[in-house]
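To start, the structure under review is shown below, and the notes come after it.
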């Protein structure tokens, strides 16, 4: 079946530090890959996505590249801010007749200190 | 704002009682989902719907049922609540196709005592 594995958290960084959150996946076929972010007390928001190998998703300074050879979709940001403190979820949708069902990783809590 | 409203936002209920959570959308999307969020598990799919009266089970469907009698409403029922169903429940809607993307509600925090 499909699965997503994220690096263990929580992650604590100082403002302006470099961020990497690792994500690897197992899926049949060619899934679409997503990063969602959840700010305290809120629902999930789509941060970025990639639908095919070698695609790079980017938004708000965050980037992730769909690497088929390593089945990875690591999230990076060059300089984090306190406002980036949130929970980050890597997820996939198996393309085809999956009805848009998302498979999520366990989430990584990011805390950024001034 | 993706036009999704969940109600109630918070609920405390006793073990053994039935509970119904409501998800209402204003986007007229065909696909709707219920997920639960638990520490260490991320979000897991409970049930989903691909049209009015068309529903199917997800990964963790035991103890839950759903109904969708009209496009805009998707109800999740805990038939007899147990403490293991204490969780945060999220409804989502989705555009499915070449540019699939899901939008989430604000969540319902349910505590079963």
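Chains as they are written, first to last, in my numbering: chain A, 7 to 120; chain B, 3 to 115.
Ideal placement from N, C-alpha and C gives every residue a C-beta, glycine not left out.
Since the model is a prediction, treat every value here as computed from it, not as a measurement.
With fewer than 16 neighbouring CB atoms inside 10 Å of its own CB, residue 113 of chain B falls in the exposed class. Assignment of residue 85 of chain A by DSSP, reduced to helix, strand and coil, places it in the coil class.
Looking at the DSSP output, residue 6 of chain B sits in a beta bridge with B/27.
DSSP, reduced to helix, strand and coil, places residue 90 of chain A within a helical segment of the structure shown.
With respect to the 9 Å criterion, residue 88 of chain A and residue 46 of chain A are not classified as neighbours on the basis of their beta carbons. For residue 98 of chain B, the nearest CB of chain A lies under 9 Å from its own CB, placing it at the interface with that chain. The C-beta of residue 46 of chain B comes closer than 9 Å to at least one C-beta of chain A.
Among the residues facing chain A, residue 5 of chain B is not included, as its CB has no counterpart in that chain under 9 Å away. Secondary structure at residue 85 of chain B: helix, using DSSP grouped into helix, strand and coil. Within the region 92 to 118 of chain A, 95, 99, 105, 106, 107, 108, 110, 111, 112, 113 place their CB atoms closer than 7 Å to a CB of chain B, listed in sequence order. Look at residue 77 of chain A here: in three-state DSSP terms it is coil, with no helix or strand label. At least one CB atom of chain A sits nearer than 9 Å to the CB of residue 108 of chain B. DSSP links residue 19 of chain B through a beta bridge to no other residue.
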